[in-house]
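Heads up: the protein sequence lines correspond to chains H, R, Y and X, in order. Residue numbers are given in my numbering: position 82 of the first sequence equals residue 97, and the series is strictly consecutive. Residue numbers are given in my numbering: position 73 of the second sequence equals residue 88, and the series is strictly consecutive. Residue numbers are given in my numbering: position 180 of the third sequence equals residue 195, and the series is strictly consecutive. Residue numbers are given in my numbering: position 55 of the fourth sequence equals residue 70, and the series is strictly consecutive. Backbone N, C-alpha and C define an ideal beta-carbon position, used for all residues, glycine too. Everything numeric in this text was worked out from a predicted model, so none of it was measured.
There are 4 protein chains.
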Amino acid sequence: MEDIEIECVADAEIGDPVLVEGLPGVGHVGKLAAEHLLEECDSQLVRRVYATDFPPQVNVDEDGVADLVCAEFHAIETEGADLLVLTGDHQASSNEGHYRLTDAFLDIAEEFGCERAFALGGVPTGELVEEYTVLGAVSDAELRGELEDAGVEFRPDEPAGGIVGVSGLLLGLGKRRGIEATCLMGETSGYLVDPKSARAVLEVLEAALEFELGYEQLEDRAEEMEEVVGKIREMQEGGSGIPDDELRYIG
Amino acid sequence: MEDIEIECVADAEIGDPVLVEGLPGVGHVGKLAAEHLLEECDSQLVRRVYATDFPPQVNVDEDGVADLVCAEFHAIETEGADLLVLTGDHQASSNEGHYRLTDAFLDIAEEFGCERAFALGGVPTGELVEEYTVLGAVSDAELRGELEDAGVEFRPDEPAGGIVGVSGLLLGLGKRRGIEATCLMGETSGYLVDPKSARAVLEVLEAALEFELGYEQLEDRAEEMEEVVGKIREMQEGGSGIPDDELRYIG
Amino acid sequence: MEDIEIECVADAEIGDPVLVEGLPGVGHVGKLAAEHLLEECDSQLVRRVYATDFPPQVNVDEDGVADLVCAEFHAIETEGADLLVLTGDHQASSNEGHYRLTDAFLDIAEEFGCERAFALGGVPTGELVEEYTVLGAVSDAELRGELEDAGVEFRPDEPAGGIVGVSGLLLGLGKRRGIEATCLMGETSGYLVDPKSARAVLEVLEAALEFELGYEQLEDRAEEMEEVVGKIREMQEGGSGIPDDELRYIG
Amino acid sequence: MEDIEIECVADAEIGDPVLVEGLPGVGHVGKLAAEHLLEECDSQLVRRVYATDFPPQVNVDEDGVADLVCAEFHAIETEGADLLVLTGDHQASSNEGHYRLTDAFLDIAEEFGCERAFALGGVPTGELVEEYTVLGAVSDAELRGELEDAGVEFRPDEPAGGIVGVSGLLLGLGKRRGIEATCLMGETSGYLVDPKSARAVLEVLEAALEFELGYEQLEDRAEEMEEVVGKIREMQEGGSGIPDDELRYIG
């Protein structure tokens, strides 16, 4: 097997789609958002990407059938822009692997004619979030205007630690290929899977790309999480005096 | 030395053999099972596989003679299907290495004409096992029927963490080559070497491939382990109140 | 993307420049010194070096614009020798990467005609430093004379652990290319970012290369650190009995 | 720089030399033994081996001159067999690197016409050693006889964990090239640098290769260690009740 193998599952009739990436990361915000797009819209699986830098693993489905771990591209047509959605269960396991994978992802995006990309993710605040601000970063300052109109906040030199992983490289390597790339980071505690943060990110995407989504499924997941969050609040306020960093061990 | 070097030790007159893999893993179930096949049947060493991804190590035999660590293929003729048994002392030490090794193993299997593969292993239950169920996963749903007849259980989306290592990749990469691959996972505590689980797995293999084995040697090893298990039970029931996860430190 | 990619940003009219390296390390001495050179002198960005061995990361600037992490070369003309200053936020993340990166750095240096190189860094003393001695190491014994005149100390077999990372390899690999390479190591506690040590190193560089620098900005940073150091001294002398190695956790 | 670079320092007039390897390992037995050979005999540096798998490091000599870490081959003529002595300060830092390095070492050995190799090292006993037995392992059972005559012990399947690192691979890879390879392992506590164990190993080498060594320098080092050992014994016998594994933290 090559370091990376791209399997062509189907071709899609989508016009100048926008690449939307949502791989695992802080609060699983990006992954939740991308998967919600696939659940809410008619989507077509077009490519699978296998990589020796992914874990040596198969996942077993409801029928007991095993499939090699991979990243997937789905094509979605919306009333606004068409989307090419990248999601999966794994990031690369080495620095070099992250660069190699992101290059392969960008090759596929260019093959489909993508000139714009949105990397979806979360940014950790260290405490439970009341208002779900979406932080932005762009490959080109000219992209800021329409995003700020959509409610995205830009803070100088934030996130302080930079943006790491495939999301970061989509901006860094995409920029070098002339792709207009944006990273949308939903604020999230960093301790919990955060469907509300995912929704905040998707609402920005709706505004920027002029399409509309339902949110019932994300709301269901959000309610499940609310119960967990409720318990945490009790522990904190109920004088149980759990230091904040105890939270790191929850959820 | 190349990343992988295959040493041709002998050729074997076996017809369309079935690949049977048993490398180290949970409860050493797969390795115990594969080694028992070599002890119980007339087997012929046909290939050695050396890899720079194995530990930089030689093992010393009873005569003080050192040999480079490797994986081995043995050919076995049975009254049912012929077998090509893969075993050894090591898995690869990197993600990439697992993919590279499994590809090499499948090349050898195809060279011998294998169209079917069984990956043998264990699945951890976290507690001492009373009834040795064998869990299954397949590369193709059509393979389920005869396995269920042989007593294999298929549970949706299990094992939850997927199947990792060479066993997993034999299904994942084998499937992409058109090999019918099955993973048989004997339930085992995960704390102990488990000859009984190995026997449960082998009994499924006997039924599926229509041959018969003796089990004296595995029974001897099982009796040794019974004593250990007995002590553990005492500790647990004898009010010593050892929490289950203490078990992780035993055996 | 290749393992290493060199972006030509501009060409510079500098004559036989001296390579000056200051990447992150002990007390950030080298990085502080190199960045101070860029702040105090008119400098021109001439090359960017991207590497798959750097973290898979973009950094976000004051405008929210993201750029791929890289190392940078700036050209500086002084009244003395011209300088080619190498700085950045990261070392390589693997042994092989360090060798590969340093080779690329030396290729660029040779392209600009560098025949001399200074690697700037810190050497940890394990305790707060009163007098900022600069320790030296050279690729050729003949380089010692002028450095000793500039106040550099040479101690047999020191630093005991050798010199690690890009600084060390600039000497080791540079020597093999016939480049006269010197490592200037400012003594520093090893617990704190140390602008004073950076200044001590730069003052040697001024003397050796016959140019002059202002130090206002480094002095400002030094004053900030003085407050931290003051607190530490109190803790130590104030009978709070903090063992020295507690310091490891400060700053 | 290539993964491995071999620098030809000098050619040597040695006839069919025996390769003798002593790199860092348990108790530094092999390294002490090889360095003692270089101190006691007239030796000539013939090759240096640089590798990107070594630490990215230079060492500084008594004159403040820095040199890239490497492994070295020295040629020695004795009244018995001529020797090609391999020593250095580092093993490889990855599995693959160990294989690559050992292959390069064997290439050099074959270039000098070596048909025999001795890998020198230590085997940990876990307790202070009274009698310095030397354990042996060979690439071919026929090599045992003369070694047993020289006092080497062969124990079935020992060392239990196999022989790891360059020493192990010299046997494993050397055997595949038709080189008669022997590993001599001096028993040593595993907690301390052990000159006495190094001497025990060298005395076997003297007998096997029919040459003679002085031991003054090793005796001096042994006396230094004796003092440390004395203190340890006091601690153990003096009822201080230090559990044996405390020893792991000494020396």
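Check: Residue 216 of chain H beta carbon less than 9 angstroms from that of residue 24 of chain H; Outcome: no
Check: Chain-ordered chain A contacts of residue 69 of chain Y [CB-CB under 8 angstroms]; Outcome: The displayed structure is made up of protein chains H, R, Y and X, and chain A is not among them.
Check: For residue 214 of chain Y, three-class secondary structure by DSSP; Outcome: helix
Check: Integer Cβ distance of residue 88 of chain H from residue 98 of chain H, believed to fall under 8 angstroms; Outcome: No, residue 88 of chain H and residue 98 of chain H are not in contact; Cβ-Cβ is about 10 angstroms, not under 8 angstroms.
Check: Local conformation of residue 182 of chain Y per DSSP, three classes; Outcome: helix
Check: For residue 155 of chain R and residue 73 of chain H, believed in contact at Cβ under 8 angstroms, the rounded distance; Outcome: Not confirmed; about 13 angstroms, so no contact.
Check: Close Cβ partners of residue 147 of chain X (< 7 angstroms) along its chain, the five nearest in sequence each way excluded; Outcome: 201, 202, 211, 212 and 215
Check: Beta strand (DSSP E) segment containing residue 114 of chain H, residue limits; Outcome: From DSSP, residue 114 of chain H is part of no beta strand (DSSP E) but of the alpha helix (DSSP H) over 110-126.
Check: For residue 53 of chain X, the first and last residue of its enclosing alpha helix (DSSP H); Outcome: 44-55
Check: Residue 153 of chain R vs residue 116 of chain R beta-carbon contact at 9 angstroms; Outcome: no
Check: CB contact flag (residue 139 of chain R, residue 182 of chain R, <9 angstroms); Outcome: no
Check: Whole-angstrom distance between residue 179 of chain R and residue 141 of chain R, CA atom to CA atom; Outcome: 18 angstroms
Check: Residues bridged to residue 151 of chain X (per DSSP); Outcome: X:199
Check: Nearest-angstrom beta carbon gap, residue 66 of chain Y and residue 112 of chain Y [assumed within contact, 8 angstroms]; Outcome: 7 angstroms
Check: Chain R within 9 angstroms of residue 140 of chain X, Cβ atoms only; Outcome: no
Check: According to DSSP, residues forming a beta bridge with residue 204 of chain H; Outcome: Looking at the DSSP assignment, residue 204 of chain H forms no beta bridge with any residue, so it has no partner.
Check: Between the CA atoms of residue 118 of chain H and residue 22 of chain H - distance to the nearest angstrom; Outcome: 16 angstroms
Check: Buried versus exposed, by CB contacts within 10 Å (16 or more), residue 177 of chain X; Outcome: buried
Check: Check whether residue 196 of chain R and residue 133 of chain R have beta carbons under 9 angstroms apart; Outcome: yes
Check: Nonlocal neighbours in the same chain, by C-beta distance under 8 angstroms from residue 57 of chain H, ignoring five residues either side; Outcome: 91 and 92
Check: Under 8 angstroms from the C-beta of residue 78 of chain H: neighbouring residues of chain R; Outcome: 156, 159, 169 and 171
Check: Residue from H:223, H:48, H:170 and H:235 whose Cα sits closest to the Cα of residue 131 of chain H; Outcome: H:223
Check: Chain-ordered chain H contacts of residue 64 of chain Y [CB-CB under 9 angstroms]; Outcome: What residue 64 of chain Y touches in chain H: nothing, since even the nearest Cβ is about 13 angstroms away.
Check: Of the residues X:84, X:102, X:167 and X:78, the one placed nearest residue 160 of chain Y, counting alpha carbons only; Outcome: X:78
Check: For residue 53 of chain H and residue 129 of chain H, believed in contact at Cβ under 8 angstroms, the rounded distance; Outcome: Not really, about 17 angstroms apart at Cβ, beyond 8 angstroms.
Check: Beta-carbon gap between residue 243 of chain X and residue 137 of chain X smaller than 9 angstroms; Outcome: no
Check: Residue 47 of chain H versus residue 238 of chain H - alpha carbon distance; Outcome: 15 angstroms
Check: Chain-ordered neighbours of residue 164 of chain R on chain H, where CB pairs are closer than 9 angstroms; Outcome: In chain order: nothing, as chain H lies at least about 15 angstroms away.
Check: N-terminal and C-terminal residue of the beta strand (DSSP E) that residue 247 of chain X is part of; Outcome: Here residue 247 of chain X belongs to no beta strand (DSSP E); instead the alpha helix (DSSP H) covers 231-252.
Check: Residue-chain proximity (residue 18 of chain H, chain R), Cβ-Cβ < 9 angstroms; Outcome: yes
Check: Below-9 angstroms beta-carbon distance, residue 106 of chain H vs any chain R residue; Outcome: no
Check: Contacts that residue 39 of chain X makes with chain R (C-beta to C-beta distance below 9 angstroms); Outcome: Simply none; closest approach about 14 angstroms.
Check: CB contact flag (residue 38 of chain X, residue 105 of chain X, <9 angstroms); Outcome: yes
Check: Between the CA atoms of residue 234 of chain H and residue 228 of chain R - distance to the nearest angstrom; Outcome: 56 angstroms
Check: C-alpha gap between residue 135 of chain Y and residue 83 of chain H, whole angstroms; Outcome: 48 angstroms
Check: Between the CA atoms of residue 172 of chain H and residue 76 of chain Y - distance to the nearest angstrom; Outcome: 5 angstroms
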